[in-house]
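Beneath this line is the structure, given in structure tokens, with notes to follow.
Residue numbers (our numbering): 541 to 721.
Below, the structure written as structure tokens:
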């Protein structure tokens with residue numbers, strides 16, 4: 541959920557969780573199956589600074605996947621995989637990628653993820669500097685690892701840290717700008 545308007549009648553939106561002024565809007569999006577850090581602003585220059593592809597700001601995610609990839613599969617993500625978006629092929633690369641061991645401590649997901657006893661899962665941390673539609677999910681699918689859970693933990697130096705789901709924290713514009721350098 542990364543918008544203030546509802547796509548469907550029974551769907552919750554940011555308005556259901558946050559009381560913010562009318563001129564505040566999300567910077568970018570998280571798809572409805574993703575969680576984590578979402579920045580809100582009323583300043584178009586901040587929006588542009590974060591979203592414009594030429595700024596190459598890293599976005600880091602914790603990702604729970606089916607299976608446990610070996611080193612070669614993870615290296616493939618750093619050297620580049622091709623993903624298809626709206627009929628076009630793109631070569632995309634991870635800036636960094638690593639296994640998370642032990643698993644990170646994260647709040648339960650609502651709704652819970654699909655659980656299968658016979659299929660092991662693992663967690664990885666991946667950073668990208670692009671923001672193509674469902675890019676991380678598509679990258680992992682390209683090497684054969686379906687995503688069970690995806691949590692954005694940072695944009696540049698702005699971190700989710702221990703912020704709980706459905707809560708917010710105000711940061712000063714000066715802090716934000718310093719975090720984006």
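Built from N, CA and C at the ideal position, the CB exists for glycine as well.
CB contact flag (residue i, residue j, <8 Å)
i	j	result
residue 575	residue 661	no
residue 567	residue 591	yes
residue 665	residue 635	no
residue 663	residue 648	no
residue 716	residue 698	yes
residue 679	residue 621	yes
residue 696	residue 720	yes
Identity of the residue in the options nearest residue i by Cα
i	options	result
residue 609	587, 679 and 683	683
residue 671	642, 711, 594 and 714	594
residue 570	656, 611 and 579	579
residue 564	691, 695 and 583	583
residue 613	561, 588 and 681	681
residue 631	562, 617, 689 and 604	617
residue 646	696, 714, 695 and 603	603
residue 704	628, 712 and 691	691
residue 627	702, 673, 554 and 669	673
residue 577	615, 554 and 588	554
residue 669	589, 560 and 561	589
residue 573	556, 689 and 619	689
residue 710	556, 581, 562 and 557	581
8 Å contact criterion, which residue i and residue j should meet: CB distance rounded
i	j	result
residue 708	residue 600	Contact doesn't hold; Cβ gap of about 20 Å is too wide.
Buried/exposed call for residue i, threshold 16 Cβ in 10 Å
i	result
residue 718	exposed
residue 685	buried
residue 625	exposed
residue 653	exposed
residue 676	buried
residue 656	exposed
residue 659	exposed
residue 623	buried
residue 638	exposed
residue 700	buried
residue 629	exposed
residue 687	buried
Query raised in the report: For the stretch 598–666, which segments carrying the beta strand (DSSP E) assignment without a break, of at least 3 residues, lie completely within its bounds, in sequence order?
Result: 599–606, 621–625, 628–632 and 636–639
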